[in-house]
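Participant: Residue numbers (this note's numbering): 18 to 574. Below you'll find the structure I mean.
Printed below as a string of structure tokens:
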């Protein structure tokens, strides 16, 4: 017996017509939608400040207006975390929509994740719940299940547990569903989107993924016939490494052992996932805490032609004098040398000098900065101009995670008839500890090398987890893995990525995936919303790493 679970959204703002594509493109039992990220929770929190009835992903409701009838006709269940900060409000809105459209659907929701009241000064504080609240709703007959902050994988573990009748202690099966859910959660990133070797298929419009899940927890990742993109061991490996840390991938239902997962090609656009082992979950739940950190502003000066360094020094000194009267709490400069000598266009002859300021007081980053920058228009370096004039300063958010005991959260399934069921916390737990480091493979024998980019022999994908970034790197052959595992140490990573030089870099080996996973602690400051670096979500950190040159064995090139 196979359960076919598809995905139609990887983030709030994903392709609007994906829901219709998934409902009409092939067989499906459950359709999920992931709308939440750390930054999204902050955005929804600000929405709720303006309107207490807001706080959920409104695009989901618009998609459902077009597709609820299709889902009902095809008996496809819909499970989504689009409820955000207000799952009850979205569930009511879905019921009203169904009534207006004359579609008899049963709508349930999951709540209990909202802990904002326990953290004064926070904009949103939400615990990451597991999938058994979703399972209760589906078992009771719900057609649509709306949640708030659950783990991304819970959108899959819940339906799988309900369909197969898994108990909370069937850890290996739950771990298999967690792995499937992690592959599906970012939508087309599993079908060629954002893929290091994107030239190997047509990724102009990749189709959304689905998982064929079996009763034993194994699955096959695929997509509907005729849709774009491609599914192979590489695309699934890339997504499996995305935003993970060590071999133990912890969640509220189970800790999945990523070092046990095995992938194999099962035919065109089909990848089999098996071998996943699970352990009891940790005794605590993660809580994502969002708060306003203050106000930020920025201005980018364009420096064209000769004497770029001297021009940058001049404007820095001038701005420093102007800002000294009321200095912002944090001032950061960055000179980006995009210029070329003897350039054929003015744009390619220009470098960018970026100034970013932050302060708890909006006035300190608003008029003070804009006035100081614009007053230099006729009184600074030759060719003075800016990309855009600075504004009045915008609020920025700060994200951090804290942990609470599993039993302290009132995880509740609110069924379609209004019945409220308490979902028990995990009865067996295991304190999370690092997994033992496996032995690396035998190194390649010595031979001639050539200076070349790492990306010729390895793929990478990177992302954010609060203030940390992860970079997953995988080899495509056994021989490349034997070289990569010995060459790309944590120290070599720091050499290739100088921004990580003063930070803690932890390397994890995943031999079954021929992969290394690096966690760079603190490189993103206080999270994506604080915009502490040029690439605030570390989306391209892996591609930067792949572009760096090393001495690579010629046998691999």
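Ideal Cβ positions, reconstructed from N, Cα and C, are used throughout, including at glycine. Note that the coordinates shown come from a computational prediction; the quantities given were computed from them, not determined experimentally.
Can you say whether residue 266 is buried or exposed, counting buried as having 16 or more other CB atoms within 10 angstroms of its CB?
Facilitator: So residue 266 counts as buried.
Participant: Quick one: is residue 281 buried, meaning 16 or more other Cβ sit within 10 Å of its Cβ, or exposed?
Facilitator: With fewer than 16 Cβ atoms within 10 Å of its Cβ, residue 281 is classed as exposed.
Participant: What is the DSSP secondary structure of residue 467, reduced to helix, strand or coil?
Facilitator: Looking at residue 467 - three-state DSSP - the assignment turns out to be strand.
Participant: For residue 528, collect the residues of the same chain with a Cβ closer than 6 Å to its Cβ; drop the 5 residues on either side in sequence, then sort them by chain order.
Facilitator: Excluding residues within five positions, the ones whose Cβ falls inside 6 Å are 455.
Participant: Could you tell me which residues DSSP puts in a beta bridge with residue 307?
Facilitator: DSSP lists 141, 416 as partners of residue 307.
Participant: Are residue 271 and residue 188 close, meaning C-beta to C-beta below 8 Å?
Facilitator: It is a contact, given that the beta carbons lie within the stated cut-off.
Participant: In this structure, does DSSP put residue 433 in helix, strand or coil?
Facilitator: Residue 433: coil per DSSP, three-state reduction.
Participant: Check whether the stretch 336–345 touches the stretch 387–403, taking contact to mean three or more Cβ pairs, one atom from each stretch, closer than 8 Å.
Facilitator: Touching, yes, given that three or more Cβ pairs across the two stretches are closer than 8 Å.
Participant: Output needed for residue 110: all residues of its chain with C-beta closer than 6 Å, excluding positions within five of it in sequence on either side, in chain order.
Facilitator: Same-chain partners within the cutoff: 78.
Participant: Which runs of the alpha helix (DSSP H) spanning at least 4 residues fall entirely within the stretch 163–195, listed in chain order?
Facilitator: Complete alpha helix (DSSP H) runs here, min 4: 171–181.
Participant: Helix, strand or coil for residue 397? Go by DSSP, reduced to three states.
Facilitator: Coil.
Participant: On the DSSP bridge assignment, give the partners of residue 629 in chain order.
Facilitator: Limits of the chain in this structure are 18 at one end and 574 at the other, which puts residue 629 out of reach.
Participant: Pull up the DSSP beta-bridge partners for residue 314, would you.
Facilitator: Answer is 374, bridged to residue 314.
Participant: With 16 as the cutoff for other CB atoms within 10 Å, does residue 224 come out buried or exposed?
Facilitator: So residue 224 counts as buried.
Participant: Between the stretch 428–442 and the stretch 340–357, do three or more beta carbon pairs fall short of 8 Å?
Facilitator: Contact between the stretch 428–442 and the stretch 340–357 is absent, because fewer than three Cβ pairs lie under 8 Å.
Participant: Taking the alpha carbon of residue 172 as the point to measure from, which residue in 503, 524, 140, 100 has its own alpha carbon closest?
Facilitator: Among 503, 524, 140, 100, the Cα nearest to that of residue 172 is on 100.
Participant: Should residue 293 go down as buried or exposed, given a rule of 16 or more other Cβ atoms within 10 Å for buried?
Facilitator: Looking at its Cβ environment, which holds 16 or more other Cβ atoms inside 10 Å, residue 293 is buried.
Participant: Does the beta carbon of residue 149 come closer than 8 Å to any beta carbon on chain C?
Facilitator: Although the question refers to chain C, the structure presented lacks it and comprises just one protein chain.
Participant: Following the continuous alpha helix (DSSP H) through residue 495, name the residue where it begins and the one where it ends.
Facilitator: Element bounds for residue 495: 495–504.
Participant: How is the beta strand (DSSP E) around residue 9 delimited, first residue to last?
Facilitator: Nothing about residue 9 can be reported from this structure: the residues present for the chain run from 18 to 574 only.
Participant: Should residue 354 go down as buried or exposed, given a rule of 16 or more other Cβ atoms within 10 Å for buried?
Facilitator: Answer is exposed; the Cβ neighbour count stays below 16.
Participant: How would you call residue 404, buried or exposed, if buried means at least 16 neighbouring beta carbons within 10 angstroms?
Facilitator: Under this definition residue 404 is an exposed residue.
Participant: Across which residues does DSSP place residue 350 in a beta bridge pair?
Facilitator: Paired residue(s): 372.
Participant: Considering only C-alpha positions, which residue in the set 331, 251, 123 is nearest to residue 400?
Facilitator: Of 331, 251, 123, the residue nearest in Cα terms is 331.
Participant: Shorter than 7 Å, the distance from the beta carbon of residue 301 to the closest heavy atom of the ligand MN, or not?
Facilitator: No copy of the ligand MN appears in this structure; indeed no ligand is present at all.
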